[in-house]
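What follows is a single structure, written as structure tokens, with notes after it.
Number of protein chains: 2
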Amino acid sequence: MELWYTEKQTPNLGITCKTSKTLHVEQTDYQHLAIIDTVQFGRMLVLDGMVQTTIEDEFVYHEMITHVALNTHPNPRNVLVIGGGDGGAIREIVKHRDVEQATLVEIDRRVVELSREYLPEISCALDNPRVTVRFEDGIRHVRENAGIYDIIIVDSTEPVGPAVELFSSGFYASIYNALKEDGIFVAQTESPFFNSDLIRSCFSKISREFPITKLYLANVPTYPSGLWSFTIGSKKYNPENIDIDRELTYDTRYYSPKIHRGAFILPKFVDDLIRE
Amino acid sequence: MELWYTEKQTPNLGITCKTSKTLHVEQTDYQHLAIIDTVQFGRMLVLDGMVQTTIEDEFVYHEMITHVALNTHPNPRNVLVIGGGDGGAIREIVKHRDVEQATLVEIDRRVVELSREYLPEISCALDNPRVTVRFEDGIRHVRENAGIYDIIIVDSTEPVGPAVELFSSGFYASIYNALKEDGIFVAQTESPFFNSDLIRSCFSKISREFPITKLYLANVPTYPSGLWSFTIGSKKYNPENIDIDRELTYDTRYYSPKIHRGAFILPKFVDDLIRE
Numbered sequence: 001m002e003l004w005y006t007e008k009q010t011p012n013l014g015i016t017c018k019t020s021k022t023l024h025v026e027q028t029d030y031q032h033l034a035i036i037d038t039v040q041f042g043r044m045l046v047l048d049g050m051v052q053t054t055i056e057d058e059f060v061y062h063e064m065i066t067h068v069a070l071n072t073h074p075n076p077r078n079v080l081v082i083g084g085g086d087g088g089a090i091r092e093i094v095k096h097r098d099v100e101q102a103t104l105v106e107i108d109r110r111v112v113e114l115s116r117e118y119l120p121e122i123s124c125a126l127d128n129p130r131v132t133v134r135f136e137d138g139i140r141h142v143r144e145n146a147g148i149y150d151i152i153i154v155d156s157t158e159p160v161g162p163a164v165e166l167f168s169s170g171f172y173a174s175i176y177n178a179l180k181e182d183g184i185f186v187a188q189t190e191s192p193f194f195n196s197d198l199i200r201s202c203f204s205k206i207s208r209e210f211p212i213t214k215l216y217l218a219n220v221p222t223y224p225s226g227l228w229s230f231t232i233g234s235k236k237y238n239p240e241n242i243d244i245d246r247e248l249t250y251d252t253r254y255y256s257p258k259i260h261r262g263a264f265i266l267p268k269f270v271d272d273l274i275r276e
Numbered sequence: 277m278e279l280w281y282t283e284k285q286t287p288n289l290g291i292t293c294k295t296s297k298t299l300h301v302e303q304t305d306y307q308h309l310a311i312i313d314t315v316q317f318g319r320m321l322v323l324d325g326m327v328q329t330t331i332e333d334e335f336v337y338h339e340m341i342t343h344v345a346l347n348t349h350p351n352p353r354n355v356l357v358i359g360g361g362d363g364g365a366i367r368e369i370v371k372h373r374d375v376e377q378a379t380l381v382e383i384d385r386r387v388v389e390l391s392r393e394y395l396p397e398i399s400c401a402l403d404n405p406r407v408t409v410r411f412e413d414g415i416r417h418v419r420e421n422a423g424i425y426d427i428i429i430v431d432s433t434e435p436v437g438p439a440v441e442l443f444s445s446g447f448y449a450s451i452y453n454a455l456k457e458d459g460i461f462v463a464q465t466e467s468p469f470f471n472s473d474l475i476r477s478c479f480s481k482i483s484r485e486f487p488i489t490k491l492y493l494a495n496v497p498t499y500p501s502g503l504w505s506f507t508i509g510s511k512k513y514n515p516e517n518i519d520i521d522r523e524l525t526y527d528t529r530y531y532s533p534k535i536h537r538g539a540f541i542l543p544k545f546v547d548d549l550i551r552e
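Here it is as structure tokens:
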């Protein structure tokens with residue numbers, strides 16, 4: 001008997017993966033959570049029926065949501081991740097020796113606990129001495145901490161359920177205040193093919209708070225359309241100004257200084273989206 | 277009742293689309309052909325169970341397989357497309373006023389006939405007076421025509437069935453000979469995520485024929501992984517040397533001189549693939 005897991009990425013489109021094992025399924029206090037083994041992408045974390053991360057392609061998303069901001073900032077010491085309970089963003093952040101403190105604020109303790117148990121390749125840095133994990137509301141956290149972070153990364157689920165407020169103007173204003181005077185903010189902002197209204201709206205809201213706002217792209221096969229956007233808000237440093245010949249002191253599989261710059265070069269329809 | 281069309285993109289991964297109508301299904305002399313209406317992507321052409329093109333996302337593939345080579349060449353007058361019976365590449369080519377003659381060589385007459393009937397948005401330029409359509413074997417065509425083309429575009433299906441030889445060294449040598457002394461060749465070369473061996477092999481074979489060989493990428497949601505590669509072989513002009521500020525005299529939705537240059541900036545794992 002073959003078992004296939006199908007995510008309806010939109011009401012009219014799905015991705016379907018042959019599975020070899022279902023490891024864990026539960027309804028947490030915040031969302032439905034499943035961990036399954038797929039043949040194509042290896043182990044997969046699914047929240048509310050949406051693929052969050054897989055062993056085979058997680059490197060793209062986790063490298064691209066972190067290293068662009070971290071290499072834009074000349075000296076990122078104090079970094080906050082909101083969401084990202086699988087630990088993938090944290091794993092990339094601690095590769096930067098400049099970082100003295102990386103804080104993960106995840107509302108759902110079970111995501112962290114189960115990622116530690118079932119996804120060690122992704123969660124492996126959560127025990128790093130420079131890392132603090134807090135199980136609390138990210139929105140409250142940024143509201144109550146002013147001017148302390150060099151970088152804030154919002155590694156959220158889609159804007160449904162508990163994540164809706166993570167795409168609001170009020171939240172972006174709190175993020176701005178929680179950053180130091182040269183701080184940088186980055187958030188995942190969905191697919192240009194299927195979420196153009198969301199991208200336009202996020203870009204416009206973030207532009208109202210930050211003097212420098214840019215959109216960049218990466219290719220994540222398990223996300224709808226395979227093309228994913230990130231929006232960056234920066235108080236001082238332009239993320240497009242990177243020395244493409246700089247040497248990295250750590251290994252990556254997708255990120256490089258060259259693709260850092262290349263990721264900001266947008267297909268015409270995406271460029272048009274944020275220029276309107 | 278809901279009907280969903282599922283393509284197994286690999287033995288362990290599928291894309292599934294809600295359909296509203298099946299317009300045509302037949303076994304031609306060369307392949308199985310279906311034309312269906314999907315809710316997400318509009319009308320879709322399927323050959324041997326693989327999505328070839330859809331109304332909603334065809335612009336990416338057709339613009340990117342044509343305009344990169346056409347804008348690299350300073351004066352492309354005589355252009356050949358092998359395969360591409362839907363007419364999408366031809367539609368983009370005739371946007372270039374320099375082009376005096378565009379020849380489509382498609383082995384399967386039924387692809388052209390049914391695209392004319394069911395996909396007028398894509399096939400619309402096949403009746404242009406500068407276009408010639410020939411129903412013959414592309415391999416024989418390039419073997420029998422030496423030194424006449426400025427640009428040759430291989431818009432093939434995957435390397436199975438009739439398309440296998442379109443990925444062979446002998447074919448690339450014939451292409452080289454069919455081009456003028458400053459000619460340019462481009463072929464679709466599948467997904468870096470799922471077809472790394474094929475990309476490496478094509479790149480190596482094409483490098484043996486052409487002094488300048490480059491890989492570039494575009495995002496096609498209905499193709500496996502969403503990330504698609506093209507390999508360009510050029511006798512004289514470097515496709516990366518484009519003036520990013522040049523004005524286009526025609527409309528595009530994905531292509532621009534900026535994305536022309538950006539498409540050659542590869543994620544590290546793709547760059548590594550062709551450097552090995």
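Chains as they are written, first to last, in the numbering used here: chain Z, 1 to 276; chain W, 277 to 552.
Positions of the beta carbon are idealized from the N, C-alpha and C atoms, including for glycine.
Does the distance from the C-beta atom of residue i to that of residue j stay below 9 Å?
i                     : j                     : result
residue 311 (chain W) : residue 301 (chain W) : yes
residue 150 (chain Z) : residue 184 (chain Z) : yes
residue 206 (chain Z) : residue 178 (chain Z) : no
residue 285 (chain W) : residue 326 (chain W) : yes
residue 133 (chain Z) : residue 103 (chain Z) : yes
residue 323 (chain W) : residue 346 (chain W) : no
residue 542 (chain W) : residue 259 (chain Z) : yes
residue 429 (chain W) : residue 369 (chain W) : yes
residue 84 (chain Z)  : residue 155 (chain Z) : yes
residue 253 (chain Z) : residue 60 (chain Z)  : yes
residue 485 (chain W) : residue 449 (chain W) : yes
residue 17 (chain Z)  : residue 471 (chain W) : no
residue 221 (chain Z) : residue 500 (chain W) : yes
Locate the alpha helix (DSSP H) running through residue i, then write down its first and last residues.
i                     : result
residue 341 (chain W) : 334 to 348
residue 141 (chain Z) : 138 to 144
residue 387 (chain W) : 385 to 394
residue 547 (chain W) : 544 to 551
residue 96 (chain Z)  : It is not in any alpha helix (DSSP H) - residue 96 (chain Z) carries neither H nor E in the DSSP assignment.
residue 241 (chain Z) : Careful: residue 241 (chain Z) lies outside any alpha helix (DSSP H) and carries neither H nor E.
residue 167 (chain Z) : Element bounds for residue 167 (chain Z): n/a, residue is neither H nor E.
residue 193 (chain Z) : Careful: residue 193 (chain Z) lies outside any alpha helix (DSSP H) and carries neither H nor E.
Who are the Cβ neighbours of residue i in its own chain at under 8 Å, not counting the five residues just before and after it?
i                     : result
residue 513 (chain W) : 348, 349, 350, 458, 460 and 488
residue 19 (chain Z)  : 3, 4, 5, 36, 37, 38 and 39
residue 97 (chain Z)  : 249
residue 318 (chain W) : 330, 331 and 332
residue 29 (chain Z)  : 108 and 110
Along chain Z, in chain order, which residues have C-beta atoms closer than 8 Å to that of residue i?
i                     : result
residue 316 (chain W) : 10, 12 and 13
Which residue comes first and which comes last in the beta strand (DSSP E) that contains residue i?
i                     : result
residue 17 (chain Z)  : 13 to 27
residue 506 (chain W) : 503 to 510
residue 429 (chain W) : 425 to 431
residue 283 (chain W) : 279 to 286
residue 219 (chain Z) : 212 to 219
Going along chain W in order, which residues have a C-beta closer than 9 Å to the C-beta of residue i?
i                     : result
residue 221 (chain Z) : 289, 467, 469, 470, 500, 501, 502 and 503
Going along the chain, which residues of its own chain have a beta-carbon closer than 7 Å to the beta-carbon of residue i, five neighbours each way excluded?
i                     : result
residue 123 (chain Z) : 86, 87, 115 and 116
residue 227 (chain Z) : 191, 192, 193, 217 and 219
residue 7 (chain Z)   : 14, 15, 49, 50 and 51
residue 479 (chain W) : 489, 491, 507 and 550
residue 109 (chain Z) : 135
residue 65 (chain Z)  : 89, 153, 155, 186, 188 and 230
residue 520 (chain W) : 533, 534 and 537
Residues of chain W with CB under 7 Å from residue i, in chain order?
i                     : result
residue 269 (chain Z) : 529 and 530
residue 258 (chain Z) : 541
residue 286 (chain Z) : With chain Z covering only 1 through 276, there is no way to say anything about residue 286 (chain Z).
residue 262 (chain Z) : 538 and 541
Would the beta-carbon of residue i be found less than 8 Å away from any heavy atom of the ligand ADP?
i                     : result
residue 297 (chain W) : Among the ligands in the structure shown, none appear at all, so the ligand ADP cannot be discussed.
Starting from residue i, find everything on chain W with Cβ-Cβ shorter than 8 Å and list it in chain order.
i                    : result
residue 18 (chain Z) : 287, 288 and 289
Near residue i, which residues of its chain fall below 6 Å by C-beta distance, leaving aside the five closest residues on each side in sequence?
i                     : result
residue 355 (chain W) : 369, 375, 378 and 427
residue 111 (chain Z) : 85
residue 159 (chain Z) : 167
residue 200 (chain Z) : 273
residue 147 (chain Z) : 180
Using beta carbons (cut-off 9 Å, strictly below), is residue i in contact with chain A?
i                     : result
residue 218 (chain Z) : Here chain A cannot be found, since the structure's protein chains are Z and W.
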